[in-house]
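>
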Amino acid sequence: MKKLGILILLVFIAGFCNGTAWAIKDTLTVGLISDAKTLDPHGTNDTTSSSTMIQMYEPLLEVAADKSLVPVLAESWEQIDPVTYKFYLRKGVKFHNGEPMTADDVIFSLRRMTTPESAPVKLYGDNIDPEGFEKIDDYTFTLKSRGPMAAFLGNLSHTSAYVMNKKAVEAAGENYGNQPVGTGPFKFVSKTKSDRTVMERFDDYWGEKAKAKTLIYRSIPEANSRVIELETGNIDLIYNLPFTEIKRVKEENKVDVILKPGLSLTYIGLNYNAKPFDDLRVRKAISMAIDKEGLNEAVYDGNAAVPVGPLLPKHYYYPKETKPFVYDPEEAKKLLEEAGVPKDFKMTIWTNDNKERIDSATIVQAQLAEVGITCEVQILEWGTFLEKLKSGDLSAFIIGWAAADMNPDPDSWISGPFHSKNAGPSNRVWLNDAEVDSLIEKGKITPDGPEREEIYTKLWNRINDLTGWVYLSIPDSAYAKGKNVKGADNLYRGIINRLDQTYAE
C-alpha cells in the first residue's frame, strides 16, 4: 500500500507538470476588441490601452471597490498642508529591468505628466505643480498640487500616474511606448500591431506572484469571432461580450457569463464648432429624436441603463433627483425647423469597429430619418478614430467615456470631457462654456460637503441644459470566461482589470 501511495503521488505530480486538467495552464489568453494604441501611460487615455498597461504598471495608490484609498507602491502618505503631500515608498520593489524603484523614478514619472509630451493625459498632469517635488531620500518625497484639490489623491490612481523606470524611458526616447518597463506582476515581451501583446510573469514582483506564466492579449475586433474563439477554447477570457449573444451563451452553458454594473457611458458627440451642431436647438432635436429605452433594449438586450446626466451612479454627488430626457420626434422636427435646418440635411455619424456602437449608430440613423435627417454611418479603426477626434475632424460620432479606475470622485470624470482646456484629447465635442469651466474649477478645490454637492448639481444641470452629450447608454460590463478559468469572478472594473490572480486550469 505504501508503494501504491507513492506511485499515485508521482502520477499526480507528473500530471500537474504536464499541464493536465488539474494543473494551472502556463498561458492565459484574453480577447479584446482592439490592441493597445501605446504602452506609454502618458501617450493615451483609452480603455483598451489601459487594460493592457494595468498588467505591467502600478500607481502609488488605488481606489478599492469600497471607494477607500489603498497603498500600492506607496506604503503610506500624509497631507502636510492644503497643497503638499508626503509619500513613503515601499522598499524592495523592482522594475522589470532589475532596477530598484526609488523616489527618483516616481518623481520623474509624475513630473513627466506635466510636460507637453503628455498631452493625451494633460487633465491629470495639470493637477500637479511641476516645480512642487522634493526628494527627501530614496524612499520619501513630497509633491504639491497646483492648488487645493479634494480629488488629488484619488486621481493618482489613474493609469497616467503609473510609475515608470526613469532610465528605461530616457534610453528608449520616442520608442518607449513599444518598450515599457513597470513594476507590475507581468512584464512586457512583445507586441504585434493589430494582433497581440505578450507578457510574462515577473518573478521578482514585490507582491503575490501572478498565477499564469504567460499572459496574451489578442486583438479580435469582430464580436462573434471573439465568442467563437472562447467557446472553442482558443482563448480563456473575453471582454466586450456582445450583448445580443448573452442569452444564447448562457443557455448553451459552454462558458460562464459575468455582468457587472457599467463604468462607461456611451454618447453621441456633436462638435460645437461644426454647423449646424453649434445651435443648441439642433443638439436638443437630435436628442429628442432618439428612443433611448428602445435603443438599449435592442442593442443591449436590456443589460444597460439610460443615462440622465453626465455622471455615473457610482460617483459622489450624483443627484438624488433626476429627470429623464424626453423622446418626442414631433418636437424635434419643430426645433430643427426653428433652427433653419434644411429639409434635405445630411450628416455622417462616425464610430469605431465596436458591435454595440455600430448597432446604436444604425438605430440612430433610422430614427433621425423620421425627423427628416439623412444620416450616413462610417466605421473607423480605433486608433484612427481617436486621432480624428483629437483633431476635431469629426462633427458627429458615437463613443464612450469610461472610468479607468474605481475613483468615485467626479472631478477627473467630468473635467476631462467638458472643460474647454481639454478640447480634442478628451473634450471631444469641443465644448467651450465659461460657466461649465468655472463650476469644474470650483468643484476641484472645494472640500467635500454640502457646498461641493451644490456645485456638482449646478454643473450637472448646466451640461444637460447645453445638451453637452446626447446620452445613449450605460451598458453593463459584460465578459465571459471558460469554465476552467478561476479568479475572474470578482473582477469589478469592466475592461480594466488586473489579471495577476486569474488563471486557467
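Residue numbers (our numbering): 86 to 590. For each residue, glycine too, the CB sits at the ideal point set by N, CA and C.
Starting from M284, follow its DSSP beta bridges and name the residues at the other end.
Translated into the one-based positions of the sequence shown, residue 284 becomes position 199. For M284, which the question treats as bridged, DSSP gives the partners F273, L300.
> So, are the CB atoms of Y224 and L158 less than 7 Å apart?
Here residue 224 is taken as the residue at index 139 of the sequence shown, counted from 1. Here residue 158 is taken as the residue at index 73 of the sequence shown, counted from 1. Contact: no.
> Tell me the rounded alpha-carbon separation between D413 and D364.
Position 328 of the sequence shown, counted from the first residue, corresponds to residue 413. Position 279 of the sequence shown, counted from the first residue, corresponds to residue 364. Those two C-alpha atoms are separated by around 18 Å.
> In terms of alpha-carbon separation, which member of P306, V178, K272, V514 lies closest to K278?
Locating residue 278 in the sequence shown gives position 193, counting from the first residue. Looking at the Cα atoms, P306 is the closest of the given residues.
> Going by DSSP, what residue range makes up the beta strand (DSSP E) through V555?
Sequence index remark: in the sequence shown, residue 555 carries index 470 (1-based). Residues 555-560.
> Run through DSSP, which three-state label would P201 get?
Indexing the sequence shown from 1 puts residue 201 at position 116. The answer is helix: DSSP assigns P201 an H, G or I state.
> Taking the C-alpha atoms as reference points, what is the distance between A99 and K110?
If you number the sequence shown from 1, residue 99 lands on position 14. If you number the sequence shown from 1, residue 110 lands on position 25. A caution first: A99 carries a pLDDT of 42, below 50, which makes its placement in the model too unreliable to give a value.
> Decide if P560 is buried, meaning its Cβ has at least 16 other Cβ atoms within 10 Å, or exposed.
Translated into positions along the sequence shown, residue 560 becomes position 475. Buried is the call here.
> Measuring CA to CA, which of R583, D189, A573, K377 is closest to A451?
Position 366 of the sequence shown holds residue 451. Checked all of R583, D189, A573, K377; the closest Cα to A451 is K377.
> In chain order, what residues of the same chain have a beta carbon less than 8 Å from the beta carbon of A454, not counting five sequence neighbours either side?
For this step, residue 454 is matched to residue 369 along the sequence shown. Answer for A454: C460, listed in chain order.
> Taking just the CA atoms, how far does P265 sit from A106?
What you label residue 106 is simply residue 21 of the sequence shown in a count that begins at 1. What you label residue 265 is simply residue 180 of the sequence shown in a count that begins at 1. With a pLDDT of only 45 at A106, under 50, the local geometry of the prediction cannot be trusted, and no value is derived from it.
> On the three-state DSSP scale, how would you describe E259?
Walking along the sequence shown from the start, residue 259 turns up at place 174. Correct three-state label for E259: helix.
> CB-CB under 6 Å to T587, same chain, minus the five flanking residues each way: which ones, in chain order?
As a first step, residue 587 must be located in the sequence shown, where it is residue number 502. Here the set comprises G572, A573.
> For D341, which of helix, strand or coil comes out of DSSP?
Position 256 of the sequence shown, counting from 1, holds the residue named residue 341. Strand at D341.
> Give, in chain order, every unbroken run of the beta strand (DSSP E) that is at least 3 residues long and sits entirely within the segment 94-177.
You should have 112-117, 146-148, 154-156, 159-166, 169-174.
> At what residues does the alpha helix (DSSP H) containing S445 begin and finish?
Sequence index remark: in the sequence shown, residue 445 carries index 360 (1-based). First-last of the alpha helix (DSSP H) with S445: 440-454.
> Taking the alpha carbon of R286 as the point to measure from, which residue in P215, K566, Q140 has its own alpha carbon closest?
Looking up residue 286 in the sequence shown gives position 201. Among P215, K566, Q140, the Cα nearest to that of R286 is on Q140.
> Residues in its own chain within less than 6 Å of F430 by CB, not counting five upstream and five downstream?
Along the sequence shown, read from residue 1 onward, the residue named residue 430 stands at position 345. Excluding sequence neighbours, F430 sits near I458.
> Work out the CA separation of K506 and V570 for me, nearest whole Å.
Here residue 570 corresponds to residue number 485 of the sequence shown, with the count starting at 1. Here residue 506 corresponds to residue number 421 of the sequence shown, with the count starting at 1. When rounded, the distance between both Cα atoms is 44 Å.
> Please return the same chain residues whose Cβ sits closer than 6 Å to the Cβ of A370, not counting the five positions on each side in sequence.
Within the sequence shown, residue 370 is the residue found at index 285, counting from 1. Only A417, L420, L421 meet the Cβ criterion.
> Starting from the C-beta of N130, find all residues in its chain whose C-beta is less than 6 Å away, skip the five residues before and the five after it, and write them out in chain order.
Numbered from 1 along the sequence shown, position 45 holds the residue referred to as residue 130. Contacts found: P205, V206.
> When the Cα of V384 is compared with those of L557, W545, F503, which residue comes out closest?
Reading the sequence shown from its first residue, position 299 is the one you call residue 384. When each option's Cα is compared against that of V384, the closest is L557.
> Quick one: which unbroken beta strand (DSSP E) runs of 3-plus residues sit fully inside the segment 217-266? Chain order, please.
Qualifying beta strand (DSSP E) stretches, in chain order: 225-230.
> Output the boundary residues of the beta strand (DSSP E) element that contains K360.
For the purposes of this step, residue 360 is taken as the residue at position 275 of the sequence shown. Segment: none, K360 is in no beta strand (DSSP E) and carries neither H nor E.
> Measure the alpha-carbon distance for P395 versus G183 and round it to whole angstroms.
The count along the sequence shown starts at 1 and reaches residue 395 at position 310. The count along the sequence shown starts at 1 and reaches residue 183 at position 98. In a straight line, the C-alpha of P395 is about 44 Å away from that of G183.
> I'd like to check one pair, L124 with G262: are the Cβ atoms closer than 7 Å?
The residue given as residue 262 occupies position 177 in the sequence shown. The residue given as residue 124 occupies position 39 in the sequence shown. Going by C-beta atoms, G262 is nearer than 7 Å to L124.
> With 7 Å set as the bound, which would you pick, yes or no: does the beta-carbon of Y403 sit closer than that to a beta-carbon of chain B?
Absence of chain B from the displayed structure is noted, only one protein chain being present.
> Taking all protein chains shown into account, decide if S511 is buried (16 or more other Cβ within 10 angstroms of its Cβ) or exposed.
Reading the sequence shown from its first residue, position 426 is the one you call residue 511. Buried is the call here.
> Thinking just about the alpha-carbon of each residue, which of D211, D438, P532, L350 is nearest to the one in V555?
Counting from 1 along the sequence shown, the entry for residue 555 is found at position 470. Comparing Cα positions, the closest option is L350.
> Can you pull the DSSP bridge partners for Q586?
Translated into the one-based positions of the sequence shown, residue 586 becomes position 501. Answer is none; Q586 lacks a bridge partner.
> Between which two residues does the beta strand (DSSP E) harbouring W291 extend?
To locate residue 291, count along the sequence shown from 1; it is residue 206. Per DSSP, W291 belongs to no beta strand (DSSP E) and is neither H nor E.
> Does the beta-carbon of D211, which I'm using as the reference point, lie nearer than 6 Å to any heavy atom of the ligand ATP?
As far as ligands go, the structure on display features none, and thus does not contain the ligand ATP.
> Looking at the strands, I want to know which residues DSSP matches up with F482.
Within the sequence shown, numbered from 1, the residue matching residue 482 stands at position 397. Per DSSP, G354, W435.
> Just to check my reading of the structure: T282 and D386 have Cβ atoms closer than 8 Å, yes? What is that Cβ distance to the nearest angstrom?
If you number the sequence shown from 1, residue 282 lands on position 197. If you number the sequence shown from 1, residue 386 lands on position 301. The pair is not a contact, with the Cβ atoms about 31 Å apart (cut-off 8 Å).
> Tell me which residues share the same chain as W515 and place their Cβ nearer than 7 Å to its Cβ, disregarding the 5 neighbours each side in the sequence.
The residue labelled residue 515 in the question sits at position 430 within the sequence shown. If we look at W515 and ignore the five residues flanking it on each side, its Cβ neighbours are N356, Y357, N358, G477, A508.
> What does the Cβ neighbour count give for N492, buried or exposed, with the cut at 16 atoms within 10 Å?
Counted from its first residue, the sequence shown places residue 492 at position 407. Looking at its Cβ environment, which holds 16 or more other Cβ atoms inside 10 Å, N492 is buried.
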